[in-house]
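All remarks here apply to the structure that follows.
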Amino acid sequence: MIALCAALLCVCTAAVGEISAHDESHRMAERVHGEPWAERTGSRETHALITMYDLYCEDCGQVIQENVRREETQQPHDWRVTWEEPTCTEPGRGVRVCAVCGEEDVIETPAVGHCYMWMDVRLPNGEVESQYVCTVCGDVAQTRGQSSAQVNYNSTITSFGPMTRELIGGGVWNRVTPLNLEDEGVFTYPLIAGDQYTVGTATVINEKGKQVISYKLNTKNITVHTETLVIYPSLEALRTGENAVAVEFNQPLEIEKFFGDDKLVLIAITLKADFDPRDAGVQSFREDKALIHSLSALID
Ligand SMILES: [Zn+2]
Ligand SMILES: [Zn+2]
Ligand SMILES: [Zn+2]
1 MIALCAALLC
11 VCTAAVGEIS
21 AHDESHRMAE
31 RVHGEPWAER
41 TGSRETHALI
51 TMYDLYCEDC
61 GQVIQENVRR
71 EETQQPHDWR
81 VTWEEPTCTE
91 PGRGVRVCAV
101 CGEEDVIETP
111 AVGHCYMWMD
121 VRLPNGEVES
131 QYVCTVCGDV
141 AQTRGQSSAQ
151 VNYNSTITSF
161 GPMTRELIGG
171 GVWNRVTPLN
181 LEDEGVFTYP
191 LIAGDQYTVG
201 TATVINEKGK
211 QVISYKLNTK
221 NITVHTETLV
231 IYPSLEALRT
241 GENAVAVEFN
251 QPLEIEKFFG
261 DDKLVLIAIT
271 LKADFDPRDA
281 GVQSFREDKA
291 LIHSLSALID
């Protein structure tokens, strides 16, 4: 700035010749325009603080440069946060706004999950029942009479879908998962034990004419004795067992090659396993009505 001022020296002295003490150079001063203000930088950490001023000479009053902008970066935001706390099942959401520059940021925190404990609860009829209760929200995941066994032995586990007894009659609750081979995508369904508990997830990948079927259990403390995976091309096949094809989990399949033009197939995942319903990851099963409706519509 001094160099600039010296260059303008002749202008200064010509304009205000009577100030003799002024021969060397101007004496620079700033005339600030109002208060500094903050501008967003798009950074989560900082905003910029902007000052505008004119440079003038304190001695002769000449304005050397107008509207000079000074930017002080690295000013930390002054966040003001409003929170919606996470619950057992819903994520928390915070919106923070910088009180200085108005920068906005949305923070999500995952749902905290239930915190279950077994508690003895006296029922209105006077009996005492053990309930697996969330101590935060009161959700009851499971109940058991005090004398009932704790481990479910050799329980049948199937993937989600319509019950076979609703499709072909009979008394078995086992479910089958319909798949339209023309619907490409990755589909996940609950794995249901004894029509009572959700113990894992079945995944059906159907892409480019190939299928991979797999499952994952939500708890380590489960012993699977047998696992079978059978594809049925029709309800008739489900009823009679004819034309059914047993296949492997986790292997690329070309189901269409088994059945010719048949686009709709029924996937039957059946596991036999021992597990403890009180294990973390095991949840009480509630049928998703919308999902069962859309899956049943595939068969109709
Ligand atoms: Zn001057
Ligand atoms: Zn800010
Ligand atoms: Zn809860």
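1 is the number of the first residue of the sequence shown in this note's numbering; add one for each residue after it. Each residue gets a CB set at the ideal place from its N, CA and C atoms; glycine is no exception.
Give the straight-line distance between the Cα atoms of residue i and residue j, rounded to the nearest whole angstrom.
i	j	result
Gly61	Gly92	59 Å
Thr203	Trp118	31 Å
Leu271	His225	7 Å
Ser155	Ala273	5 Å
Val68	Val186	59 Å
Asn152	Val128	21 Å
Cys101	Glu84	23 Å
Ile64	His33	15 Å
His26	Gln75	32 Å
Ile157	Thr223	12 Å
Gly209	Glu184	8 Å
Tyr215	Asn125	41 Å
Gln150	Pro277	7 Å
Gln196	Pro162	15 Å
Lys289	Arg165	17 Å
Any idea if residue i is buried or exposed, counting beta-carbon neighbours within 10 angstroms, 16 or more meaning buried?
i	result
Gly169	exposed
Pro110	exposed
Gly42	exposed
Val81	exposed
Leu291	exposed
Ala297	exposed
His293	exposed
Gln211	buried
Asn206	buried
Thr177	buried
Leu123	exposed
Ala246	exposed
Glu287	exposed
What residues in its chain sit with their C-beta under 6 Å from that of residue i, if we drop five residues either side in the sequence?
i	result
Val16	Its pLDDT being 46, under 50, Val16 is placed unreliably in this model, and the value from its coordinates should be taken loosely. Within the same chain, Val16 has close Cβ partners Cys60.
Asp279	Thr219 and Asn221
Asp262	Pro233
Thr228	Thr270
Ile299	Pro178
In chain order, what residues of the same chain lie with their CB nearer than 7 Å to the CB of residue i, ignoring the 5 residues before and after it?
i	result
Tyr116	Tyr132, Val133, Cys134 and Ala141
Pro36	Leu49, Ile50 and Thr51
Arg44	Asp105
Asp120	Val128 and Ser130
Arg40	His47, Cys101, Gly102 and Glu103
Ile255	Leu181, Gln211, Ile231 and Val265
Quickly, what does DSSP pair residue i with across the bridge? List them, please.
i	result
Leu266	Pro178 and Tyr232
Cys98	Trp79
His47	Gln75
Glu108	Arg93
Asn206	Gly185 and Gln211
Pro190	Thr201
Arg70	Thr51
Trp37	Ile50
Please indicate yes or no: does the CB of residue i lie closer than 8 Å to some heavy atom of ligand 3?
i	result
Val313	No answer is possible for residue 313: the residues shown for the chain start at 1 and end at 300.
Val282	no
Thr87	yes
Val106	no
Gly138	yes
Answer yes or no: the CB of residue i versus the heavy atoms of ligand 1, is any distance below 8 Å?
i	result
Gln62	yes
Asp59	yes
Arg96	no
Arg40	no
His47	no
Arg44	no
Can you list, in chain order, the residues of its chain with a C-beta nearer than 8 Å to that of residue i? Leave out the 5 residues immediately preceding and following it.
i	result
Thr198	Pro190, Leu191, Ile192, Asn218, Val282, Gln283, Ser284 and Phe285
Under the criterion of a Cβ to heavy atom distance below 8 Å, does residue i qualify as lining ligand 2?
i	result
Thr73	no
Asp288	no
Glu35	no
Asp78	yes
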